[in-house]
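Remarks on the structure that follows.
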Amino acid sequence: MAASSSSSSSTSRYRRSSGPSSSSLSRRNAGHGVSVGTSSSSTTHHTINLLAPVVIEFGSSYIRIGLSGEAVPRHIIPTPSQLATLPNSNTLQIETETEWDGILYPLLSNISTDLLLLKNLKARPVIIVEPIVSPTAFRNAICRSLLDWLSAPSVTFVPGAASVALPYGLGLGQGVVVDVGRVEGRVMIVAGENGRPLIDTFRACPCGIEQFAYNFMEIHNTSSSSKTCDISSVEDAILLLEKYFVSGDGELVLPSSGQKIQINGKMVETSLNDTYFDVANPESLLRCLLSVVSSCPIDLRRDVLGNVIFIGGTVEFISNFERRMLKAVADAFGPAGDADTCKKPAFHSLRPLLHNENGGLGVVHPLPFSPSAFAWTAASVMGTTVLPPDQTVTQKVYKDMKQSDSSVADVCFDFLSTV
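Going letter by letter, the sequence shown gives residues 85 to 503 in this note's numbering.
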């Protein structure tokens, strides 16, 4: 996708990112003297000679693993099926501490010793990138495994990509982060102190790759037009769509059976529009984005719409994703879309900002790092700086909590209420 060479142009809505490059990132602090905040109520930080923090991102499809100061993860492994529906605690089917520990401790131990080849974690803080509304039990189990049993000096929780993507990935203090993964899309405004997310603006919608593939499978299987065979599963649909976007060829082979199948491009586009770009669909990504902007304070809207980033595996999966979204916004608020969109009171107030031929969004593109690993890389950058004390549980704090009646949630969730 071509990006304008001038970020100040009034006609182009693309902005070339100015975030840290891969080469500059690799030359930054590799962790020899990482600073860890010791108190959430003081701005004074005590410097401890520690090695580069371990950075672990829990995604719905993959877990990304590596050391801070590096531009890309060292390892990408499938997310265990028990954790694939994080943060939805209703579908996790993990109820007791023993069950949580039985999943997380072997996983984290394997990451430390077998993947990263570390003798122990005594000199390495750990940064956990997690879904923004993860269950408290998940964080409790992370702390038990890392602080109690693996002896890590501290655990820093990063609640969602929006917490790090703009301030650490791009050096921006405000904007809109659109993170679309396998299960859902998540949108949030970043405009708080030091690029903190505005929690009240957080919205999620069921528009991940799985939903897109399911919509396509339903249209394909129920179509009255001639077709070679039905698609039997969402996994088959995902693999077919991936091959279709890469090759552009409609004649493919069904992965599960080896049968030949004809992919109708119009059906793909219909499914795409319904899932992501249809303003009339209350569960589309576009509606989610508009809802988030509507919830943003009025005096911040124009500024945050100037820095919109699209990250997550779906952005790489679907070609020209950003361009498609810009067109959808332009269609919704242009002359043809005025009749429907402006009847919705919640979105009518957005028309002065979004009513132009380019969709009114300042999309930061191209990004300096892969969209699918962008949150991990931003957390890697964060690991080269002073780790935020209000998001960090140290060994001392954890031991003090165990001796009192407080819980990990008392520390882990404090920062969420203050952003």
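Beta carbons are placed, not taken as given, at the ideal position from N, Cα and C, and that holds for glycine.
> Cα-Cα, which of Leu230, Ser340, Asp314 is closest to isoleucine 211?
Replying inline: Leu230
> So phenylalanine 458 is in the alpha helix (DSSP H); what residue range does that whole segment cover?
Replying inline: 458-466
> Can you tell me whether DSSP reads cysteine 289 as helix, strand or coil?
Replying inline: strand
> If you follow the beta strand (DSSP E) that isoleucine 140 is part of, which residue opens it and which one closes it?
Replying inline: 138-142
> Just reading off the alpha helix (DSSP H) that tyrosine 360 is part of, what are its end residues?
Replying inline: Here tyrosine 360 belongs to no alpha helix (DSSP H), and DSSP marks it neither H nor E.
>> Between which residues of its own chain and aspartate 358 is the CB-CB distance below 8 Å, once the five residues before and five after are set aside?
In response: Asn299, Asn365, Ser368
> Mind pulling the beta strand (DSSP E) runs of 3 or more residues that sit fully within the region 392-422?
Replying inline: 392-395
> Which class does glycine 259 belong to by DSSP, given the choice of helix, strand or coil?
Replying inline: strand
>> Quick check on phenylalanine 222: does DSSP put it in helix, strand or coil?
In response: helix
>> At 3 residues or longer, what runs of the beta strand (DSSP E) sit wholly inside the region 304-349?
In response: 335-337, 344-346
> Can you name the start and end residues of the beta strand (DSSP E) that threonine 478 belongs to?
Replying inline: 476-478
> Around the C-beta of valine 337, are 16 or more other C-beta atoms found within 10 angstroms, so that it is buried, or is it exposed?
Replying inline: exposed
> Taking the continuous alpha helix (DSSP H) assigned at serine 238, which residues delimit it?
Replying inline: Looking at the DSSP string, serine 238 is not in any alpha helix (DSSP H); the run it does join, the beta strand (DSSP E), is 238-243.
> Grouping DSSP H, G and I as helix and E and B as strand, with all else coil, what is arginine 270?
Replying inline: strand
>> What residue range does the beta strand (DSSP E) around leucine 151 cover?
In response: 146-151
> Quick one: what's got a C-beta closer than 6 Å to lysine 327's C-beta in the same chain, skipping five residues either side?
Replying inline: Leu336
>> Looking only at its chain, what residues have a beta carbon closer than 7 Å to the beta carbon of aspartate 320, apart from the 5 residues adjacent to it on each side?
In response: Leu338, Pro339, Ser340
>> For arginine 386 and methionine 301, I'd like the C-alpha separation in whole angstroms.
In response: 39 Å
> How many Å lie between histidine 129 and lysine 480 at the Cα?
Replying inline: Because the pLDDT at histidine 129 is just 42, under 50, the model does not fix this residue reliably, and the point stays unresolved.
> Between which two residues does the alpha helix (DSSP H) containing glutamate 181 stretch?
Replying inline: 181-194
> Hey, out of Leu323, Gly186, Lys411, whose CA is closest to phenylalanine 361's CA?
Replying inline: Lys411
> Which value, in whole angstroms, describes the spacing of the CA atoms of leucine 234 and leucine 170?
Replying inline: 23 Å
>> Please state the DSSP three-state secondary structure of histidine 159.
In response: strand
> Does the beta-carbon of glutamate 214 have 16 or more other beta-carbons within 10 angstroms, so that it is buried, or is it exposed?
Replying inline: buried
> Within 10 angstroms of its Cβ, does cysteine 289 collect 16 or more other Cβ (buried), or is it exposed?
Replying inline: buried
>> Buried or exposed, going by whether 16 or more other CB atoms sit within 10 Å of the CB of glutamine 475?
In response: buried
> What first and last residue would you give for the alpha helix (DSSP H) that runs through valine 210?
Replying inline: That residue, valine 210, is in no alpha helix (DSSP H); its beta strand (DSSP E) goes 210-214.
> With DSSP run on the structure shown, which of helix, strand or coil describes leucine 369?
Replying inline: helix
> Given proline 455, which residues of its chain have a CB within under 7 Å of its CB, disregarding the five upstream and five downstream residues?
Replying inline: Phe394, Ile395, Gly396, Val399, Glu400
> The alpha helix (DSSP H) spanning glycine 279 covers which residue range?
Replying inline: Neither: glycine 279 is in no alpha helix (DSSP H) and is coded neither H nor E.
> Does DSSP put valine 264 in a helix, in a strand, or in coil?
Replying inline: strand
> When DSSP labels each residue in this structure, what does leucine 250 get in the three-state scheme?
Replying inline: helix
> Can isoleucine 216 and proline 243 be called in contact, C-beta distance under 8 Å?
Replying inline: yes
> For leucine 471, does the three-state DSSP call read helix, strand or coil?
Replying inline: strand
> Using the C-alpha atoms, what's the distance from serine 378 back to alanine 416?
Replying inline: 15 Å
>> Quick check: what's the CA-CA separation for glutamine 487 versus leucine 373?
In response: 44 Å
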